[in-house]
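Engineer: Per the numbering used here, the sequence shown starts with residue 1, numbered consecutively.
Ideal placement from N, C-alpha and C gives every residue a C-beta, glycine not left out.
What follows is a single structure, and I will ask about it in a moment.
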Amino acid sequence: MSKFIPFTEQEIYLAAHTEIKSILDAKGEKSERSGTEWMWAANHSVKFRGHIFYDHSTGDKGTAIDFLCTFFNMRFQDAVCTLNCRDYNGIEFERSTLKKERERRSFVLPGKSRNMKRVYAYLMQERRIDSEVISFFVHNRSLYESANTHNAVFVGYDFTGKARAAFQKGTLTEKPYRGDVDGSDKEFFFNYHGGSERVYVFEAPIDMLSFINLHKEKGWQKHNYLALGCTALPALLRFLSEYPGIHQVVLCLDNDHAGIKADAIIQETLQRLSQGMYVEDLCEEMREKLLRPYEVSILKSVGKDWNDDLKYRK
1 MSKFIPFTEQ EIYLAAHTEI KSILDAKGEK SERSGTEWMW AANHSVKFRG
51 HIFYDHSTGD KGTAIDFLCT FFNMRFQDAV CTLNCRDYNG IEFERSTLKK
101 ERERRSFVLP GKSRNMKRVY AYLMQERRID SEVISFFVHN RSLYESANTH
151 NAVFVGYDFT GKARAAFQKG TLTEKPYRGD VDGSDKEFFF NYHGGSERVY
201 VFEAPIDMLS FINLHKEKGW QKHNYLALGC TALPALLRFL SEYPGIHQVV
251 LCLDNDHAGI KADAIIQETL QRLSQGMYVE DLCEEMREKL LRPYEVSILK
301 SVGKDWNDDL KYRK
């Protein structure tokens, strides 16, 4: 299972939303009740609910995909294949391979290339994004070209200005690559904070840049923009918790089954927070930061995503 396999957004979404307990049950691994959550009997610091886990000893957290990558040393591509096929017989769950006391994987940004010729060429020619939009994010250190692979690196900063996550997109169209840098914290993904009370939410960084390109004449820099890195909630909830002035959430996710399903989940979650209701997988501190009225709207591209719309317009 070592070669690169491309996946659709829906395939990744379905794999990520696999119930973790069902994975452990299939391999005869025991789980124990811990309040409203489950605790992994083989590693009591790991608790999970539905498709989300949290390791209290290391701070590791994520979806079912992250669970396999973190504890069973699987590559992203292999984890997605395994989860979507429900074929757990081919993966090793021996006790000796469990990383019970594993140290938190360190996050290190890839080295920078001396120039950005490949990234500019890819984003302008293949993705049809204007150079001024690209340059804006280059200058604020959110986008650069990696030295060895010449990938486009989209950096996510926390609210102190520290890089906490990065997503790489290959610039070779015949050999497409996409993936997070090891150790990335998906709560802090590619974003821009402009200070208004509105945030536009996307799945991928290129969707976000494409939308900005389409609306760049309308004073886009005063608003906030966030790429989730998928269709999951963690990055949005963290962003909203750190910027209490944001009350308007505009969902600009892909115009496909996974994007539409995610719209409904996010809408329901923010509606519950608006009404002060209980939301699963939220600690009390985070919940307190998120309790406020939200105005949620949905804005869909004509094509599958905003880059399709941008390329069609040009």
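1) Please determine if the stretch 283-301 and the stretch 240-255 are in contact, where contact requires at least 3 C-beta pairs separated by less than 8 Å.
2) Helix, strand or coil: how does DSSP classify Met74 here?
3) How close, in whole Å, do the beta carbons of Leu242 and Phe159 come, if the pair is a contact with beta carbons under 8 Å?
4) Under DSSP, the alpha helix (DSSP H) around Met116 begins and ends at which residues?
5) Pull up the distance between the alpha-carbon of Leu143 and that of Lys30, whole angstroms please.
6) Using the Cα positions of Thr8 and Val249, report the straight-line distance between them to the nearest angstrom.
7) Let me know the secondary structure DSSP gives Leu228 once reduced to three states.
8) Give the range of the alpha helix (DSSP H) segment to which Leu236 is assigned.
9) Using a 10 Å radius around the Cβ and a threshold of 16 neighbouring Cβ atoms, would you call Asp60 buried or exposed?
10) Measuring straight from C-alpha to C-alpha, what distance separates Trp40 and Asp182?
11) Quick one, are the C-beta atoms of Ala232 and Thr36 less than 8 Å apart?
12) With distances taken from CA atoms, which of Ala26, Gly28, Thr70 is nearest Val46?
13) State the DSSP-derived secondary structure class of Lys216, mapped to helix, strand or coil.
14) What do you reckon, are the CB atoms on Ala235 and Glu187 nearer than 8 Å?
15) Report yes if the CB atom of Gln168 is closer than 8 Å to the CB atom of Tyr157, and no otherwise.
16) For Arg343, which of helix, strand or coil comes out of DSSP?
17) In the stretch 134-214, which residue ranges form an unbroken beta strand (DSSP E) of at least 3 residues, counting only runs that do not cross its ends?
18) With which residues is Val296 paired in a DSSP beta bridge?
19) Going by other Cβ atoms of all chains shown within 10 Å of its Cβ, with 16 needed for buried, is Asn148 buried or exposed?
20) Verify whether the separation of the beta carbon atoms of Leu310 and Ser146 is less than 8 Å.
21) Give the secondary structure of Asp55 by DSSP, where H, G and I count as helix, E and B as strand, and everything else as coil.
22) Going by DSSP in three states, Phe48 sits in which element: helix, strand or coil?
23) Measuring CB to CB, does Gly303 end up less than 8 Å from Leu291?
24) Specify the secondary structure class of Arg33 as computed by DSSP and reduced to three states.
25) What does Lys61 pair with, by DSSP beta-bridge criteria?
26) According to DSSP, which residues form a beta bridge with Trp40?
27) Kindly indicate which three-state DSSP category Leu265 falls into: helix, strand or coil?
28) What is the C-beta distance between Ala79 and Cys230, in whole angstroms, given that I count them as a contact (C-beta under 8 Å)?
29) Can you look up Met277 in the DSSP assignment and give me helix, strand or coil?
30) Taking C-beta to C-beta, are Lys27 and Phe48 nearer than 8 Å?
Structural biologist: The structure says:
1) yes
2) Met74 falls in the coil class under three-state DSSP.
3) As written in the sequence, residue 242 is Glu, which differs from the Leu given in the question. Indeed, because the Cβ distance is near 5 Å, the residues count as touching under 8 Å.
4) First-last for Met116: undefined, no H or E at that position.
5) 43 Å
6) 25 Å
7) Here Leu228 sits in coil by DSSP.
8) Run containing Leu236: 234-242, per the alpha helix (DSSP H) assignment.
9) buried
10) 24 Å
11) no
12) Thr70
13) helix
14) Cβ distance < 8 Å, so Ala235 and Glu187 count as in contact.
15) No, they are not a contact pair.
16) As shown, the chain starts at 1 and ends at 314. That puts residue 343 outside it, with no answer to give.
17) DSSP assignment within the stretch 134-214 yields the following whole beta strand (DSSP E) runs of 3 residues or more, N-terminal first: 143-145, 152-157, 163-169, 178-180, 198-202.
18) Answer is Val249.
19) exposed
20) no
21) strand
22) strand
23) no
24) strand
25) Tyr54
26) Trp40 is bridged to Ser31, Asn43.
27) Checking the sequence, you will find Ile at residue 265 rather than Leu. Of the three classes helix, strand and coil, the one that applies to Ile265 here is helix, per DSSP.
28) That pair is no contact at about 13 Å.
29) coil
30) no
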